[in-house]
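Trainee:
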């Protein structure tokens, strides 16, 4: 029984008047790729930010590698973050420095390694994502897929133990998607990482994940391995997995009945 | 009616919490273990972008302002036959007021808005968040060098402004309008006191530098991370920084005249 | 993105330009000079009225600046203004009966102190007091006197007539 690397207990978080999470419970197991899925706007990205302590929950605890990350002070938190890598949806490369410097950034800032050693590590990371030849391009010269791969190399630079992917498959052409799927799987298995993938791409995610959580309306409405999800009968899960346009998540935005609307204008 | 009051109250409390947040950002940016060895090259880079790049507008503006003050001053003093006093009029108005204030306003418009836009864009493209997730505090890596660069640059720009403006006035008054250079300079020198005029101008520009740069980086840091949000933040920087400069100028001038 | 070397150069040039401006402002614009580089000595003088004399106003002999006003205080016993003058020391040679007068630069200018050396052969030393002083000319008093004189002349003429 592998231990839980990230443990989310009774998470409650609201933004303004909207309740984002209400008593959500998740366990991310070590060494496995866990997917977090759900309809748009359910707060999947917010969950990653809560795990990385960029946001503070209203109540509940999030434990990462045995530490309650919201109980840490600023310096301890920054140390804990060095063991996490996060791939942002926008890839978030630093636009004023080239690819090489971007990947070298975490090492130059957080370690005292010599430039020679850093150079070797950067080239190896870029090799792992297949972009060693692009080392001297500027982020503005990269395609979306390439930028994402560079961001992945940068997130992996310090060999984190937890990798979080925020919507990695969004807007990618089939080839790039295939590349990313391969990378996520290989890195996780070869390096023994724990990975969290936030996505709403059924096909790719089911391909990659070992365990899946489906979030809706602030809590977990379904969980299990990909095979379990396909067989699951709960209406939430069914609608999501099979892509049904109407169901628990309604097609129509709440409004007065159509007849009433027409009459009042007629 | 009550709604209006409620709205004003809410705006007021939003403003207050904004100022409070700005204070916290300033605190976290400045009161940390300064890793000087790492900060220094970043600081030089920012001094270049904030200071050297502002030189063009400062130099041109100062020459023109000096020339205009010289011209207008000559026009009016001529009626009293007191054109020999032009040097004094020029130097006092420049070193005490026009120098620090105009420099601060130009700085807010050029460098301040650039800082806000840059930081806001970094926030909108999640560069600041990703830096944070990599274990590097963006406050000291991105914000702090820019803050210190602004504070150091302002007095230097104000000094350059003042010197060039006096030169501009000299060119108009002596070279063009024919005032005797000897009386121009000697009247100026006897009227301008280093401590109360030049130094107080420097103190003022320090204060303006802190105010303008702080507002610029805070607006960028706290902006709504969309393109509309960035443009709003940039506008707010220029407006708030300019008003803050003028307000501070009044307060400082009162303090200085009152004698400290 | 300019190279590191050119950035360093320009930042350095920027700093130097700032210092140069400060120097220009200090020496050319405000006339900050080490006027008292070397020795100086102080003398005091009590005046009935100093007018608008200020600290750092010049002290002159025959129109040539020899020092500055260092301090102005009120002498609470005699209710006179006690002015401290700092004189540049070339020779210690102001006679003891030197007079100090407060004059005005031009017609409406600022006040300054003019010293007229006397004829005695004993000289003022550091810290001595100048005893002969002439107060500043207050414009209002002058005008008042003029009005009074004109009025009394007019009255005398009237009296003569009647």
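Residue numbers (my numbering), protein chains in the order written: chain C, 8 to 273; chain Z, 9 to 268; chain W, 181 to 342.
Backbone N, C-alpha and C define an ideal beta-carbon position, used for all residues, glycine too.
Keep in mind the model is a prediction, meaning the values are calculated, not measured.
Does any residue of chain Z bring its CB to less than 9 Å from the CB of residue 266 of chain W?
Mentor: Counted from its first residue, the third chain places residue 266 of chain W at position 86. No, because no Cβ of chain Z sits closer than 9 Å to the Cβ of residue 266 of chain W.
Trainee: Hey, could you find the ends of the beta strand (DSSP E) residue 314 of chain W is sitting in?
Mentor: Residue numbering aside, residue 314 of chain W sits at position 134 when the third chain is read from its first letter. Run containing residue 314 of chain W: 312-314, per the beta strand (DSSP E) assignment.
Trainee: Note down the Cα distance separating residue 47 of chain Z from residue 180 of chain Z, rounded to an integer number of angstroms.
Mentor: Taking the second chain and counting its residues from 1, one reaches residue 47 of chain Z at position 39. Taking the second chain and counting its residues from 1, one reaches residue 180 of chain Z at position 172. For residue 47 of chain Z and residue 180 of chain Z, the distance between alpha carbons rounds to 44 Å.
Trainee: Which of the three DSSP states is assigned to residue 110 of chain Z in this structure?
Mentor: What you label residue 110 of chain Z is simply residue 102 of the second chain in a count that begins at 1. DSSP places residue 110 of chain Z in helix when its eight states are reduced to three.
Trainee: Which residues in chain C sit within 8 Å of residue 135 of chain Z, going by Cβ to Cβ distance?
Mentor: Locating residue 135 of chain Z in the second chain gives position 127, counting from the first residue. Under the 8 Å cutoff, chain C gives 99, 100, 101 and 102.
Trainee: Residues in the same chain with beta-carbon distance under 7 Å from residue 15 of chain Z, minus the five sequence neighbours each way, listed in chain order, please.
Mentor: Taking the first residue of the second chain as position 1, residue 15 of chain Z is located at position 7. Around residue 15 of chain Z: no qualifying Cβ.
Trainee: Checking contacts by CB at 9 Å: is residue 184 of chain W closer than that to chain Z?
Mentor: Here residue 184 of chain W is taken as the residue at index 4 of the third chain, counted from 1. It does; some Cβ of chain Z falls within 9 Å.
Trainee: Is it buried or exposed, residue 249 of chain C, if we count other Cβ atoms within 10 angstroms and call 16 or more buried?
Mentor: As a first step, residue 249 of chain C must be located in the first chain, where it is residue number 242. So residue 249 of chain C ends up on the exposed side.
Trainee: DSSP three-state call for residue 208 of chain Z: helix, strand or coil?
Mentor: For the purposes of this step, residue 208 of chain Z is identified with residue 200 of the second chain, where counting begins at 1. In this structure, residue 208 of chain Z counts as helix in the three-state DSSP scheme.
Trainee: Identify each residue in the segment 82-98 of chain Z for which the Cβ-Cβ distance to at least one residue of chain W is less than 8 Å, and report them in chain order.
Mentor: Within the segment 82-98 of chain Z, no residue qualifies.
Trainee: State yes or no: is the beta carbon of residue 188 of chain W nearer than 9 Å to at least one beta carbon in chain Z?
Mentor: Indexing the third chain from 1 puts residue 188 of chain W at position 8. So yes, residue 188 of chain W belongs to the interface.
Trainee: At 3 residues or longer, what runs of the beta strand (DSSP E) sit wholly inside the segment 15-96 of chain C?
Mentor: Qualifying beta strand (DSSP E) stretches, in chain order: 25-36, 40-44, 66-71 and 91-94.
Trainee: Do residue 225 of chain Z and residue 163 of chain Z come within 9 Å of each other at the CB atom, strictly closer than that value?
Mentor: By 1-based counting over the second chain, the position of residue 163 of chain Z is 155. By 1-based counting over the second chain, the position of residue 225 of chain Z is 217. No; because the gap between Cβ atoms is not below 9 Å, this pair is not in contact.
Trainee: Please name the residues in the segment 232-264 of chain C whose beta-carbon is closer than 7 Å to at least one beta-carbon of chain Z, in chain order.
Mentor: Under the 7 Å Cβ criterion, the segment 232-264 of chain C contributes no residue.
Trainee: Quick check on residue 243 of chain W - is its C-beta less than 9 Å from some C-beta in chain Z?
Mentor: The residue given as residue 243 of chain W occupies position 63 in the third chain. Cβ-Cβ to chain Z under 9 Å: no for residue 243 of chain W.
Trainee: Would you kindly report the start and end of the unbroken beta strand (DSSP E) that includes residue 250 of chain W?
Mentor: The sequence position of residue 250 of chain W within the third chain is 70, counting from 1. 244-255 is the span of the beta strand (DSSP E), which, as asked, contains residue 250 of chain W.
Trainee: Note down the Cα distance separating residue 64 of chain C from residue 95 of chain C, rounded to an integer number of angstroms.
Mentor: As a working note, residue 64 of chain C is residue 57 in the first chain. As a working note, residue 95 of chain C is residue 88 in the first chain. Going by the C-alpha atoms only, they are around 21 Å apart.
Trainee: So, helix, strand or coil for residue 254 of chain C, using DSSP?
Mentor: Stepping through the first chain from its first residue, residue 254 of chain C is reached at position 247. Correct three-state label for residue 254 of chain C: coil.
Trainee: Whole angstroms are fine: how far does the CA of residue 271 of chain C sit from the CA of residue 325 of chain C?
Mentor: Residue numbering for chain C in the displayed model covers 8 to 273; residue 325 of chain C lies beyond these limits and cannot be assessed.
Trainee: Residues of chain Z with a CB under 9 Å from the CB of residue 86 of chain C: which are they?
Mentor: Position 79 of the first chain, counted from the first residue, corresponds to residue 86 of chain C. What residue 86 of chain C touches in chain Z: 143.
Trainee: Assuming residue 262 of chain W is part of the beta strand (DSSP E), what are its boundary residues?
Mentor: For the purposes of this step, residue 262 of chain W is taken as the residue at position 82 of the third chain. Segment 260-268, the beta strand (DSSP E) holding residue 262 of chain W.
Trainee: Where does residue 230 of chain Z fall in DSSP's three states?
Mentor: Within the second chain, the letter at position 222 stands for residue 230 of chain Z. Of the three classes helix, strand and coil, the one that applies to residue 230 of chain Z here is coil, per DSSP.
Trainee: Name the chain B residues that come within less than 7 Å of residue 205 of chain W, Cβ to Cβ?
Mentor: Among the protein chains of the structure shown, namely C, Z and W, there is no chain B.
Trainee: Could you tell me whether the Cβ atoms of residue 196 of chain C and residue 177 of chain C are closer together than 9 Å?
Mentor: Working through the first chain from its first residue, we reach residue 196 of chain C at position 189. Working through the first chain from its first residue, we reach residue 177 of chain C at position 170. Against a cut-off of 9 Å, the Cβ pair of residue 177 of chain C and residue 196 of chain C comes out as no contact.
Trainee: Please classify residue 231 of chain Z as buried or exposed, where buried requires at least 16 other C-beta atoms within 10 Å of its C-beta.
Mentor: On the second chain, position 223 is the one that residue 231 of chain Z refers to. So residue 231 of chain Z counts as buried.
Trainee: Looking only at its own chain, which residues have a Cβ that is under 7 Å from the Cβ of residue 195 of chain Z, when we skip the five neighbours before and after it?
Mentor: Translated into positions along the second chain, residue 195 of chain Z becomes position 187. Counting only Cβ-Cβ distances below 7 Å, and skipping sequence neighbours, we find 92, 93, 95 and 96.
Trainee: For residue 88 of chain Z, which three-state DSSP category applies?
Mentor: In the second chain, residue 88 of chain Z corresponds to position 80, counting from 1. In this structure, residue 88 of chain Z counts as coil in the three-state DSSP scheme.
Trainee: Chain W beta carbons: is any one of them nearer than 9 Å to that of residue 193 of chain Z?
Mentor: Walking along the second chain from the start, residue 193 of chain Z turns up at place 185. At least one chain W Cβ lies under 9 Å of residue 193 of chain Z.
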